[in-house]
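Undergrad:
Number of protein chains: 2
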Amino acid sequence: MDPQKRVEEMLYKLKERDFRITPQRLAILKTLAASKGHPSVDDIYQEVKALFPTTSLATVYKTVSLLKELNEVLELGFPDGSNHYDGYNPAPHPHAICIKCKKIMDPELMNIDELSEEMSKKTGYKIFHHRLDFFGLCPACQQKN
Amino acid sequence: MDPQKRVEEMLYKLKERDFRITPQRLAILKTLAASKGHPSVDDIYQEVKALFPTTSLATVYKTVSLLKELNEVLELGFPDGSNHYDGYNPAPHPHAICIKCKKIMDPELMNIDELSEEMSKKTGYKIFHHRLDFFGLCPACQQKN
DNA sequence: AGGATAGATGATAATCATTATTGTTAAATA
DNA sequence: TATTTAACAATAATGATTATCATCTATCCT
Ligand SMILES: [Mn+2]
Ligand SMILES: [Mn+2]
Ligand SMILES: [Zn+2]
Ligand SMILES: [Zn+2]
């Protein structure tokens, strides 16, 4: 998927719901669409500040939150309180997380729909989305031992 | 698994590492071992206070944190900041979470080892544990519509 | 183009779950 | 029972997120 295409998708979703397109929002969208590294709010803030020095951290929080409601960004929260975001691929998908260097990877797709189906049957829940993370050591961190 | 057995398992792990067994800790262990509802720290605190009114919230935090390090409790953190704990079954296992009433269910086992294996092969990560949650509406909340 | 207006922004205060601190208490051991 | 030291209770500090509000501006209308 082309990052520019992603920006246009997000823009369409915002316009569709009559949200205004501001320079700050556009900068945040571009950062999210381009980054494959699952940035935190503060990471996004640092990038956007380079282009719009007056941008407020609160604006980043609110824009990310808005995109989350529109299902245009995937939120990954961790028990240590750190939240990271995938704006490049906002659909639920599994992640591999290094417990040492905190790198978050997007592995090639594996199908979880069967699991979701099984879960639905066994619990009676109507499932809307899911979250699947694997924690371990990335190849680089395995070397350094 | 019998809750009493779980308490004894946890006690063994604590003694093994020369941690002291205090009335407060024992009360926290019992609460965790017996509860199948995935309580929060404050839920545990409220239950323990009924038996030991002077118990401090900080003590509950420290004991839960200690049990987490000993792999005797499973921590479930959510982006809204709420953390919940499974002391009845501390091994990683999937959960079904109701987005309306927040109920957390333990479905009958499905095997994730194959997925873990696939993930390991595709990313090169050495996987230690995982987290799998399904979000949706529980049967009760589906009715109320 | 100019003006009206409701939504967005920036700065900062408030919130709240968790963690750190510190003097006191009591579990474990001999 | 005395000694040692981890654990305790009470409370302050932390820090990410959220709320507030005065100001600004994207969008629409004339
Ligand atoms: Mn991703
Ligand atoms: Mn569970
Ligand atoms: Zn790593
Ligand atoms: Zn429910």
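As given, the protein sequences belong to chains A and B, one line each in that order. Its first residue numbered 1, the first sequence is counted upward by one per residue in the numbering used here. Its first residue numbered 1001, the second sequence is counted upward by one per residue in the numbering used here. Virtual Cβ for every residue (Gly too), placed ideally from N, Cα, C.
Using a C-beta to C-beta distance shorter than 8 angstroms, which residues of chain A count as neighbours of residue 1138/B?
TA: What residue 1138/B touches in chain A: 123, 124 and 125.
Undergrad: Can you tell me which of 106/A, 119/A, 101/A and 9/A puts its alpha carbon nearest to the alpha carbon of residue 144/A?
TA: Of 106/A, 119/A, 101/A and 9/A, the residue nearest in Cα terms is 101/A.
Undergrad: Might you give, ordered along the chain, the residues of its own chain that have their beta carbon closer than 6 angstroms to the beta carbon of residue 38/A, omitting 5 neighbours on each side?
TA: Excluding sequence neighbours, residue 38/A sits near 84, 86 and 104.
Undergrad: Is it the case that the Cβ atoms of residue 1051/B and residue 1029/B are separated by a distance below 8 angstroms?
TA: In this structure, residue 1029/B does not lie closer than 8 angstroms to residue 1051/B by Cβ.
Undergrad: Please specify which runs of the alpha helix (DSSP H), each continuous and at least 4 residues long, are wholly inside the segment 1053–1085 of chain B, giving them in chain order.
TA: Listed in chain order, they are 1057–1069.
Undergrad: Can you tell me the Cα-Cα spacing of residue 34/A and residue 2/A, whole angstroms?
TA: Whole-angstrom Cα-Cα distance: 8 angstroms.
Undergrad: Rounded to the nearest angstrom, what separates residue 47/A and residue 113/A at their Cα positions?
TA: Each residue's Cα considered, the two are about 36 angstroms apart.
Undergrad: Under three-state DSSP, which class holds residue 1116/B?
TA: Residue 1116/B: helix per DSSP, three-state reduction.
Undergrad: Is there a Cβ of chain B sitting closer than 8 angstroms to that of residue 93/A, yes or no?
TA: For residue 93/A, the answer is no, since every Cβ of chain B falls outside 8 angstroms of its Cβ.
Undergrad: Regarding residue 33/A and ligand 3, is the C-beta to nearest heavy atom distance less than 7 angstroms?
TA: The answer is no for residue 33/A.
Undergrad: When you compare only the Cα positions, how much space is there between residue 77/A and residue 63/A?
TA: If I take the Cα positions, the gap works out to 17 angstroms.
Undergrad: Whose C-beta lies closer than 6 angstroms to the C-beta of residue 55/A among residues of the same chain, with five residues either side of it excluded?
TA: The answer, listed in chain order, is 24, 48 and 49.
Undergrad: What is the DSSP secondary structure of residue 1141/B, reduced to helix, strand or coil?
TA: Note: residue 1141/B maps to helix in three-state DSSP.
Undergrad: With 16 as the cutoff for other CB atoms within 10 Å, does residue 1090/B come out buried or exposed?
TA: The residue in question, residue 1090/B, is buried, as its Cβ has 16 or more Cβ neighbours within 10 Å.
Undergrad: So which residues touch the region around ligand 2, with touch meaning a C-beta under 5 angstroms from any heavy atom?
TA: That query returns the following residues: 1086/B and 1106/B.
Undergrad: Counting only C-beta atoms, is residue 4/A closer than 8 angstroms to chain B at any point?
TA: No, residue 4/A lies away from the interface with chain B (no Cβ there is under 8 angstroms from its Cβ).
Undergrad: I'd like to know whether the C-beta of residue 1142/B is nearer than 8 angstroms to at least one C-beta of chain A.
TA: Yes, because at least one Cβ of chain A sits closer than 8 angstroms to the Cβ of residue 1142/B.
Undergrad: Which of the three DSSP states, helix, strand or coil, is assigned to residue 28/A?
TA: Three-state DSSP puts residue 28/A in a helix.
Undergrad: Give a yes or no on whether the minimum CB-CB distance between residue 1116/B and chain A is below 8 angstroms.
TA: Interface residue, yes.
Undergrad: Indicate the three-state DSSP secondary structure (helix, strand or coil) for residue 1133/B in the structure shown.
TA: Residue 1133/B falls in the strand class under three-state DSSP.
Undergrad: Closer than 9 angstroms, Cβ to Cβ, to anything on chain B: give me those residues from the segment 80–91 of chain A, in chain order.
TA: Result list: 80, 81 and 83.
Undergrad: Let me make sure I understand the geometry here. Which of 57/A, 7/A and 75/A has the alpha-carbon closest to that of residue 132/A?
TA: With distances taken between Cα atoms, residue 132/A lies closest to 75/A.
Undergrad: Verify the CB distance criterion: does residue 108/A have a CB-CB separation below 8 angstroms to chain B?
TA: It does: the Cβ of residue 108/A has a partner Cβ on chain B nearer than 8 angstroms.
Undergrad: CA-CA distance, residue 1121/B and residue 1041/B?
TA: The straight-line gap from Cα to Cα measures roughly 37 angstroms.
Undergrad: Taking 7 angstroms as the cut-off, is the C-beta of residue 93/A nearer than that to any heavy atom in ligand 1?
TA: Answer for residue 93/A: yes, Cβ within range of ligand 1.
Undergrad: For a test of your reading of the model: does the CB of residue 129/A fall under 7 angstroms from any non-hydrogen atom of ligand 1? Yes or no.
TA: No.
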